[in-house]
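Peer 1: In my numbering, the protein residues as written are 1 to 722.
#1: State the CB to CB distance for the pair residue 644 and residue 651, rounded to an integer number of angstroms; the pair is presumed to be in contact (CB under 8 angstroms).
#2: In this structure, how does DSSP classify residue 587 when only helix, strand and coil are distinguished?
#3: Using C-beta distances below 6 angstroms, list every residue in its chain close to residue 427, excluding the 5 sequence neighbours before and after it, in chain order.
#4: Expressed to the nearest angstrom, what Euclidean distance is found between the alpha-carbon atoms of residue 329 and residue 554?
#5: What's the gap between the Cα of residue 591 and the Cα of residue 441?
#6: Rounded to whole angstroms, what's the CA-CA distance from residue 485 to residue 116? Just pull it up for me.
#7: Could you give the distance in angstroms between the alpha-carbon of residue 253 and the alpha-carbon of residue 222?
#8: Let me know if residue 586 comes out buried or exposed under the rule of 16 or more other beta-carbons within 10 Å of its beta-carbon.
#9: Strictly by DSSP, which residues pair up with residue 342?
#10: Does the count of Cβ pairs from the segment 145-157 and the segment 65-77 closer than 8 angstroms reach three?
#11: Output the distance between the C-alpha atoms of residue 477 and residue 489, rounded to the nearest integer angstrom.
#12: Apart from the five residues on each side of it in sequence, which residues of its chain come closer than 7 angstroms, Cβ to Cβ, to residue 460?
#13: Taking the continuous beta strand (DSSP E) assigned at residue 50, which residues delimit it?
#14: Please classify residue 411: is it buried, with 16 or more other beta-carbons within 10 angstroms of its beta-carbon, or exposed?
#15: According to the neighbour-count rule (16 or more other Cβ atoms, all chains shown, within 10 Å of its Cβ), is residue 720 buried or exposed?
#16: How would you label residue 542, buried or exposed, when you count the other beta carbons within 10 angstroms and need 16 or more for buried?
#17: Can you have a look at residue 337 and say buried or exposed, based on whether 16 or more other CB atoms are within 10 angstroms of its CB?
#18: Among all the DSSP beta bridges, which residues are the ones paired with residue 643?
#19: With DSSP as the reference, please indicate the residues paired to residue 150 in a beta bridge.
#20: Tell whether a beta-carbon distance below 7 angstroms holds between residue 228 and residue 269.
#21: Report the partner residues of residue 305 according to the DSSP bridge assignment.
#22: With a cut-off of 8 angstroms, do at least 3 Cβ pairs link the segment 445-452 to the segment 698-711?
#23: Which residues bound the alpha helix (DSSP H) around residue 424?
#24: Run through the DSSP bridge pairs and tell me what residue 88 is partnered with.
#25: Looking at residue 580 and residue 455, is the spacing between their C-beta atoms short of 7 angstroms?
#26: Quick one: what does DSSP say residue 140 is sitting in, helix, strand or coil?
#27: Does the segment 523-541 come close enough to the segment 168-178 that 3 or more CB-CB pairs lie under 8 angstroms?
#28: If I measure Cβ to Cβ from residue 689 and keep anything under 8 angstroms in the same chain, skipping five residues before and after, which residues do I get?
#29: In angstroms, rounded to a whole number, what distance separates the CA positions of residue 718 and residue 86?
#30: Between the alpha carbons of residue 37 and residue 79, how many angstroms are there, rounded?
#31: Please classify residue 534 as buried or exposed, where buried requires at least 16 neighbouring CB atoms within 10 angstroms.
#32: Please list, in chain order, all residues of the same chain as residue 235 whose beta carbon is under 7 angstroms from its beta carbon, the five residues on each side excluded.
#33: What are the partner residues of residue 66, as DSSP defines its beta bridges?
#34: Quick check on the DSSP output: the alpha helix (DSSP H) that includes residue 379 runs from which residue to which?
#35: Looking at the secondary structure, which residues open and close the beta strand (DSSP E) in which residue 347 lies?
#36: Return the CA-CA distance between residue 272 and residue 208, expressed in angstroms with no decimal places.
Encoded structure:
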């Protein structure tokens with residue numbers, strides 16, 4: 001637990017203690033005053049307000065740095081709260097110069113722990129009357145849910161956007177989206193003596209560890225007639241005062257409870273302890289210099305004193321996580337957010353899609369496990385006379401005792417590119433296989449960890465200089481954690497090599513997941529969308545197709561047999577070995593962790609421009625803004641589900657020569673919500689025909705694009721077919 005201790009001799013200083021309030025010691029910061037501390041999720045770092053600034057330090061006071069400075073002095077930053085990825089949610093108050101006296105504006109902002117990426121996430125705008133401190137801020141007291149998916153804050157806005165004088169608790173997405181009012185103001189209060197209004201204001205919401213409840217304090221500004229002196233002359237001001245009490249509310253807004261009802265004691269600044277109890281500051285009314293830290297059950301019973309000392313006041317108790325997160329939770333928290341290209345037909349799925357793929361009743365349409373000599377060891381179709389091929393069959397040795405070899409392979413039963421697409425779509429449509437990654441945690445003696453996410457694709461249709469397409473494809477996303485479980489960098493595989501990036505520059509979701517832009521066809525992972533030179537031509541990671549935000553994670557930290565299987569995942573010459581067979585990545589994740597990219601603290605560029613002389617003698621530039629090839633003239637007809645696309649280029653292209661040389665045509669697949677069905681046609685003549693199969697005889701949108709030899713694309717065209 002951290003808290004702020006106030007005395008007249010020392011001012012407001014940061015202290016640390018255990019959960020019982022014992023073993024206290026001061027965190028020496030060398031600052032005159034601090035306030036409103038918050039701990040990182042694992043308790044290793046603390047953020048707090050110092051003057052107009054937000055400061056972050058390690059829990060022992062070292063490595064102190066200002067994250068956001070209050071410049072000019074009219075800007076006030078305060079109330080930090082931590083996201084799971086270490087970034088901060090903070091409240092900004094600005095007092096506009098020349099504004100009506102007593103007006104202010106408050107809003108919620110987010111910033112990386114190094115001070116970069118500052119941006120506003122809740123902005124309803126407009127100054128509000130702040131003659132009284134509780135007159136209804138726009139947005140204040142922001143706090144983050146344990147999983148980083150939501151924020152709670154108080155706002156003096158009504159649901160219709162109008163300003164009120166009664167701030168209430170609100171809930172919103174982590175980016176400020178879909179705000180909704182969680183509590184309502186009590187009342188209406190009757191007008192007080194002399195017509196002065198009475199009002200209530202919510203403050204300091206805090207999520208429970210399971211994210212299901214919020215505790216907050218409420219300040220009631222009320223007339224207390226029992227304190228009015230009857231001997232006062234007529235017109236003498238009546239007695240008003242603040243009454244602070246604690247309340248809880250469920251995140252559904254359906255369960256609501258008042259915890260404290262002490263007429264001569266005020267309670268505020270609540271947080272949840274490690275044992276699901278609520279800690280808070282408590283002080284006699286109008287005597288806040290005697291504040292203590294108390295603890296109470298969520299039921300509102302069994303209140304006890306945690307911190308008490310004469311002449312010293314204690315404020316802002318805050319807790320972090322009691323213990324490091326288990327590996328399974330780490331894998332779930334940092335799993336990649338995969339953004340695909342709109343033409344991509346192959347998504348990262350369970351490797352079971354290759355061992356289990358067959359079409360019942362279709363003779364021979366089964367995948368087979370074979371030796372290098374062509375001997376069949378097992379088949380996916382259980383109706384065949386071979387052993388049943390599945391993930392459990394693979395290993396060393398095979399089920400039944402057969403010895404596996406590096407040259408053994410799983411041969412996919414396909415002869416055309418469209419069959420690969422159709423089999424992959426069919427397997428992806430089954431929830432048992434769709435959108436899964438193999439997650440592995442590698443731990444090091446200093447306490448740091450590397451999280452590896454292995455991504456399997458049924459087929460890689462990308463070719464380099466007309467060759468290189470292959471069955472099966474393993475790619476990988478890697479996240480590095482320091483001993484405090486704080487992410488430091490990420491490494492994305494791009495075929496045989498990798499690119500790394502410091503964590504503060506990795507694009508992340510509002511919940512902190514790293515975003516990987518998956519290149520069309522090759523499935524290389526990039527830190528940004530656009531064209532990327534891969535050593536031969538350009539990969540295109542458009543990121544304009546569907547995104548998979550929460551792939552299922554199969555924990556293979558203790559490797560199952562199929563991960564250790566030494567064979568090849570596909571029947572092509574360039575099909576890859578499994579994760580354990582990619583020895584540099586598997587055996588030395590840190591050493592492999594990439595070369596070029598933004599590892600030196602640079603924001604990743606979408607392209608790297610490189611000139612290469614091609615086989616036809618033409619010097620071409622790959623990377624940044626390559627020239628777009630021309631689209632052909634296209635005529636589209638359909639008969640039932642069959643779509644016929646006739647194309648005509650102005651100049652006859654050559655395979656391996658002049659671009660364009662590849663035509664992609666795409667229609668939605670018959671599996672709702674799945675990848676599109678894309679046909680990739682090598683263009684070897686100036687005209688030709690492509691046939692697509694639509695999901696139904698109803699209306700269908702056809703998209704098509706031309707890919708040049710450098711990997712560059714034409715403009716995308718689409719047409720709606722009735």
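In this text, a Cβ means the ideal position worked out from N, Cα and C, and glycines have one as well.
Peer 2: The relevant details are as follows:
#1: That belief does not hold up - the Cβ atoms of residue 644 and residue 651 are roughly 23 angstroms apart, past 8 angstroms.
#2: Three-state DSSP puts residue 587 in a helix.
#3: Exclusion of the five residues before and after residue 427 leaves 353, 357 and 433 as the residues of its chain whose Cβ lies within less than 6 angstroms of its Cβ.
#4: Cα to Cα, residue 329 sits roughly 12 angstroms from residue 554.
#5: One C-alpha to the other measures close to 15 angstroms.
#6: Those two C-alpha atoms are separated by around 21 angstroms.
#7: Answer to the nearest angstrom: the Cα atoms are 25 angstroms apart.
#8: Around the beta carbon of residue 586, 16 or more other beta carbons sit within 10 angstroms, so the residue counts as buried.
#9: Answer is none; residue 342 lacks a bridge partner.
#10: With the rule of 3 Cβ pairs closer than 8 angstroms, the segment 145-157 does not count as touching the segment 65-77.
#11: Each residue's Cα considered, the two are about 11 angstroms apart.
#12: So the list reads 469, 470, 473, 521, 522 and 523, once near-sequence residues are dropped.
#13: Start and end: 45-50.
#14: With 16 or more other Cβ atoms within 10 Å, it is buried.
#15: Around the Cβ of residue 720, a 10 Å sphere holds fewer than 16 other Cβ atoms; the residue is exposed.
#16: Per the 10 Å Cβ criterion, buried.
#17: Burial call: buried.
#18: Under DSSP, the beta-bridge partners assigned to residue 643 are 638 and 692.
#19: When DSSP reads this structure, residue 150 sits in a beta bridge with 173.
#20: Contact flag unset, no.
#21: Residue 305 is bridged to 294.
#22: Result no; under three Cβ-Cβ pairs closer than 8 angstroms.
#23: Counting along the chain, the alpha helix (DSSP H) containing residue 424 begins and ends at 417-428.
#24: Answer by DSSP bridge pairing, in chain order: 82 and 111.
#25: Annotated as distal: residue 455 and residue 580, with beta-carbon spacing of 7 angstroms or more.
#26: In this structure, residue 140 counts as strand in the three-state DSSP scheme.
#27: With the cut-off at 8 angstroms, the segment 168-178 and the segment 523-541 do not touch.
#28: Cβ within range, chain order: 644, 645, 646 and 647.
#29: CA-CA distance, residue 718 to residue 86, rounds to 42 angstroms.
#30: Between residue 37 and residue 79, the alpha-carbon positions lie close to 8 angstroms from each other.
#31: Burial state of residue 534 is buried, judged by a 10 Å Cβ sphere holding 16 or more other Cβ atoms.
#32: Take residue 235, set aside five residues on each side of it, and no residue of its chain has a beta-carbon closer than 7 angstroms to its own.
#33: In the DSSP secondary-structure assignment, residue 66 is bridged to 55.
#34: Per DSSP, residue 379 belongs to no alpha helix (DSSP H); it is in the beta strand (DSSP E), 376-379.
#35: Here residue 347 belongs to no beta strand (DSSP E), and DSSP marks it neither H nor E.
#36: So the two alpha carbons sit approximately 6 angstroms from each other.
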